[in-house]
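Data first, discussion second: the structure below is written as structure tokens.
4 protein chains.
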Amino acid sequence: MQTKLINNKGLVIGGNKIILIAGPCAVESKELYTSTVNNLKYVDILRGGAFKPRTNPDSFLGLENKGIEILLESQKELNKPVVTELTKESNLNLFNDIDYIQVGARNMQNFELLKALGRTNKTIILKRGFGNTIDELLEAAHYIKKEGNENIVLVERGIRTFETSTRFTLDLSSIAVIKAKSTYPVFVDPSHAAGTKEYVESLAKAAIAAGADGIMIETHINPEKALSDSKQALTVDEYNDLVLKLDKVAKAIGRTIL
Amino acid sequence: MQTKLINNKGLVIGGNKIILIAGPCAVESKELYTSTVNNLKYVDILRGGAFKPRTNPDSFLGLENKGIEILLESQKELNKPVVTELTKESNLNLFNDIDYIQVGARNMQNFELLKALGRTNKTIILKRGFGNTIDELLEAAHYIKKEGNENIVLVERGIRTFETSTRFTLDLSSIAVIKAKSTYPVFVDPSHAAGTKEYVESLAKAAIAAGADGIMIETHINPEKALSDSKQALTVDEYNDLVLKLDKVAKAIGRTIL
Amino acid sequence: MQTKLINNKGLVIGGNKIILIAGPCAVESKELYTSTVNNLKYVDILRGGAFKPRTNPDSFLGLENKGIEILLESQKELNKPVVTELTKESNLNLFNDIDYIQVGARNMQNFELLKALGRTNKTIILKRGFGNTIDELLEAAHYIKKEGNENIVLVERGIRTFETSTRFTLDLSSIAVIKAKSTYPVFVDPSHAAGTKEYVESLAKAAIAAGADGIMIETHINPEKALSDSKQALTVDEYNDLVLKLDKVAKAIGRTIL
Amino acid sequence: MQTKLINNKGLVIGGNKIILIAGPCAVESKELYTSTVNNLKYVDILRGGAFKPRTNPDSFLGLENKGIEILLESQKELNKPVVTELTKESNLNLFNDIDYIQVGARNMQNFELLKALGRTNKTIILKRGFGNTIDELLEAAHYIKKEGNENIVLVERGIRTFETSTRFTLDLSSIAVIKAKSTYPVFVDPSHAAGTKEYVESLAKAAIAAGADGIMIETHINPEKALSDSKQALTVDEYNDLVLKLDKVAKAIGRTIL
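Next comes the structure, spelled out in structure tokens:
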């Protein structure tokens, strides 16, 4: 089906131009955050987690409110929108100036959260749960849409299988399947699926060639020091180089990325 | 490790006596609910969903507040505690008179909900997510415990695999694994895993033999008319017969169920 | 469906008596083999691999012809039949005096091997492939049956899933499913699924309670020194104790095991 | 690691030029076969199954020896090599004039077959089992190599997961993983994974972008009449069009396909 465009303050998602989302997994400090995002040469939306739903509660759980503040500062300084994850409805008031709200894989079937987001007009970046089918992802989107919000982007970020060489198995066929069954734009997050930065380039190129409308790539000014997911983050230079390669693939299928 | 007992108003979980939880998937009406639970000969905790987190928002989503009322009436009439699912913290005030709160598989990693339940002294019936490992289930329990509530029961209800003969693959090895790694009692829900009532007896017996501390079985006065999960519910008579068979298996391993 | 009995020289499979198969994973030497099997108090069929289809060709691949000789000697000395694995048709001539031939999980869809076994009158112990559905297992059996041999026992030994606490996920629902769809007896191999001997007792009891017609348990006189699968083998004493516990479970469901 | 080139009578695999393998799933008749392959504008190796290891023995199992004859005729007429599947060692004598031998997914761990192929100097096209890890695929290749044959191409064709929208989940990350761990060329078969021809284009482009050294695409002169896998075969025209699109993607990453 024809992908339906989302226009969020002039940034068009689902069209010919492929969207670039980059930044660190978590906002760790003002200094680390800006030193990363200020050096990204090509990026449409800045990412970074303030509220981190980690598997183990003893892990780093994000800077929370302080993290949101840092994101909003970068948004203003760089004049680029940010996307960050919401984990409970009662935090929505902190997201007034954030235009893109991510629902993480673990909350894909947190239907109360989806309904709350359906009552906003934010652009919702809905990640596929790692134990969920494509049909369930579409039904989760339907929870949001049913409340009135049609600004929904679906994200393939890998599913859980028996294969252990990668952290998750990136299911790139989901792009074609979602496009056959719905009108939602589809982004791909190769970083979380790969779990190792060596595999990110190959998967990112594949995602573009397969028809992804956007790509989310973890980048860090100093990946080895990252507090979460350090193995899968690209350095800023690696990211900038990768985008140029992705641009060639995008052009080969008649799209643009720069 | 030695299972740590939970004593909720005299009902002891994790001891020699295996706990029976029965009732319909959803509370559909006062009449249907009582006609089911009043005919259960052997049961320790009555179950029934009032808030139903269904995959598709166009499905029957439960009677909500009215469902809670019906459950509380049965609780009083039969002098048996009820267990029902909570899907968002802001509903907690409706659960004042409910001693057992279920967290469904889809919310196993809804960490905000887990933290909220950790601040109560309810007995939490935490179901394993169908895409989650046993270690993640233990870490989810840790979210509750870390807030101060140690009254946690883990429930094996099947994981998602490539096998399609059953709705989910019941992972009975999780009982031995959980008991090797933690002190939580473990219940088993064979009904959701089987997806077909013909397979429930075999799996329920297996669960008891494997060492489950309790068993949750969907029963309905008229399964064919059930609004959700109709294929997997036992009739009341089938349930009553099954319990007698389970009692024999329980005795064979030195436990009791009646 | 009613399980169809197999009578192999007086040993009846699929009836009230549950079959016990025990012995080491591999035949490592005459001395190690006999010191193990001579000390099993209760056993119907002796097991042991002579041709071992290991994942890596640099692993111990079995004593081959010499292993078959050792098995035949024990068969004679103990007057108990043996079961061992065949990996290619051209070895069939070595199996003249062996009444039970195992097809391993990796060869479940080696259809040429299945057809060759279908032209014998041996009892075929067909293990489920770890990546195969129950329906495919039934279709594999159909390859054997179509050639004329109906003496087929199916074995559940665990499937591959995302769970890593156990080596494979034992799918005990397969017992009820197979019995609903076919007349084949079903055995269960908890040792390979568990991968760790601590979990074998729980799974073996569950298998009996679920309705398994037989159980295959790896035992070794000195598990720590075993050349393959050392972590999952029970000692001879542990095995002998376990059988007494399984007997109680068997009696609870109206069957016998001793 | 640097991919090691295979040169089979002048056709170089693993180099800059990406290899095209096309043809029907099965050789059904001389007429159907030639009408398909004679109309492929761009192809390096002709494919077609003569011995078909089907899940159910009542399915069409191939023309067997007659199928091999037809393949050899096309090989001569078109002066293009053929690849076809071997299912047992004793058929090897029929493959004297065939330079590329496929081992199917179901036989990936048929180690006796692998060893037999290791004693030839054929180019072995080894497909990943749908229940097997990448490490196991590499170990299976090691079985061949250990016998002396290093002409091995690995094929990603999808693994079995809980997702049912596609027949298998194509694991494109396997390309990067295999290239990080070994020197084998990697081909991709998007047709079997997709199970539906609508998804083949997207997956084929992704495979090229991800770094595949070759691609196997099922094509049929009249897919609706195909005796096996009819839903996933492209028409000859669709295939010819697709190759031109793939060529653009290949060029974008500095390779060629035409």
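Chains as they are written, first to last, in this note's numbering: chain A, 826 to 1083; chain B, 826 to 1083; chain C, 826 to 1083; chain D, 826 to 1083. Glycine included, C-beta positions come from ideal geometry on N, C-alpha and C. Since we're looking at a predicted model, the values are computed, not measured.
Backbone secondary structure at Ala847 (chain C) - three-state DSSP: strand
List, in chain order, every chain A residue whose beta-carbon is nearer than 7 angstroms to that of Phe987 (chain C). Arg985, Thr986 and Phe987
Under 8 angstroms, Cβ to Cβ, is there at least one residue of chain F near Ile1033 (chain C)? The structure shown contains no chain F; the protein chains it does contain are A, B, C and D.
Nearest neighbour of Ala875 (chain A), chosen from A:Gly929, A:Lys1030 and A:Ile1046 [CA to CA]: A:Gly929
Leaving out five residues before and five after Arg1080 (chain C) in sequence, what residues of the same chain have Cβ atoms less than 6 angstroms from its Cβ? Asn841 and Ile843
Listed by chain order, chain A residues near Thr912 (chain B) by CB distance under 9 angstroms: Asn935, Phe936 and Glu937
Let me check understanding here. Comparing Cα to Cα, which of B:Gly954, B:Asp922, B:Ser884 and B:Tyr1064 lies closest to Ala851 (chain B)? B:Ser884
Just checking: is the beta-carbon of Asn932 (chain A) within a distance shorter than 8 angstroms of some beta-carbon in chain B? yes
The segment 1063 to 1071 of chain B in contact with the segment 885 to 903 of chain B per 3-pair CB rule at 8 angstroms: no
Is there contact here, the segment 1030 to 1043 of chain B with the segment 995 to 1011 of chain B, by at least three beta-carbon pairs under 8 angstroms? yes
As an exercise, report each continuous alpha helix (DSSP H) stretch of at least 4 residues that is fully enclosed by the segment 991 to 1062 of chain D, in chain order. 998 to 1006, 1015 to 1019 and 1025 to 1035
Arg931 (chain D) and Pro800 (chain D) - do their beta-carbons sit closer together than 8 angstroms? Since the first residue of chain D shown is 826 and the last is 1083, residue 800 (chain D) is not available in this structure.
Simplified DSSP assignment, three categories, for Glu961 (chain B): helix
Name the chain C residues that come within less than 8 angstroms of Ile843 (chain B), Cβ to Cβ? Within 8 angstroms Cβ-Cβ: nothing; Ile843 (chain B) doesn't reach chain C, min ~13 angstroms.
Quick one: what does DSSP say Val852 (chain B) is sitting in, helix, strand or coil? coil
Thinking Asp1072 (chain B) and Leu1059 (chain B) are a contact (beta carbons under 8 angstroms), I'd like their distance in whole angstroms, please. Not quite, the Cβ-Cβ distance comes to about 16 angstroms (not below 8 angstroms), so this is no contact.
Verify the CB distance criterion: does Val978 (chain D) have a CB-CB separation below 8 angstroms to chain A? no
Round the Cβ separation of Arg985 (chain A) and Ala1018 (chain A) to the nearest angstrom and send it over; I've been treating them as touching at under 8 angstroms. Not a contact, Cβ separation roughly 11 angstroms.
Going by beta-carbon coordinates alone, are Lys952 (chain C) and Met933 (chain C) separated by less than 8 angstroms? yes
Pro1015 (chain A) versus A:Lys940, A:Ile969 and A:Glu1026, residue with shortest Cα-Cα distance: A:Glu1026
Taking the Cβ atom as the reference point for each residue, do Leu917 (chain C) and Val907 (chain C) lie within a distance shorter than 8 angstroms? no
Contacts that Val1002 (chain D) makes with chain A (C-beta to C-beta distance below 8 angstroms): Ser990, Thr991 and Tyr1024
Compute the Euclidean distance between the alpha carbons of Gln927 (chain C) and Ser1055 (chain C), then round it to the nearest angstrom. 20 angstroms
Pull up the distance between the alpha-carbon of Phe987 (chain A) and that of Gly835 (chain B), whole angstroms please. 43 angstroms
Bounding residues of the alpha helix (DSSP H) (the contiguous stretch that carries Lys891 (chain C)): Asn890 to Leu903
From the DSSP output, in three-state form, read off Leu836 (chain C) for me. strand
Answer yes or no: do Gly1039 (chain B) and Ile838 (chain B) have a C-beta to C-beta separation smaller than 8 angstroms? yes
Going by beta-carbon coordinates alone, are Val978 (chain D) and Phe1012 (chain D) separated by less than 8 angstroms? yes
Same chain, Cβ closer than 8 angstroms to Leu911 (chain C), neighbours up to 5 away in sequence not counted: Phe876, Leu917, Phe920, Ile926, Gln927, Val928, Leu938 and Leu942
Cross-strand partners of Gln927 (chain B) (DSSP beta bridge): B:Glu910 and B:Ile950
Taking its Cβ as the centre, do 16 or more other Cβ atoms sit within 10 Å of Lys1004 (chain D), making it buried, or is it exposed? buried
Could you tell me which residues DSSP puts in a beta bridge with Gly874 (chain B)? B:Ala851
Establish whether the CB of Val1068 (chain C) and some CB of chain B are separated by less than 8 angstroms. no
Might you give, ordered along the chain, the residues of its own chain that have their beta carbon closer than 6 angstroms to the beta carbon of Ile969 (chain D), omitting 5 neighbours on each side? Leu939, Leu942, Gly943, Ile949 and Ile977
CB contact below 8 angstroms: Lys855 (chain C) versus chain B: no
Helix, strand or coil for Glu937 (chain B), going by three-state DSSP, please let me know. helix
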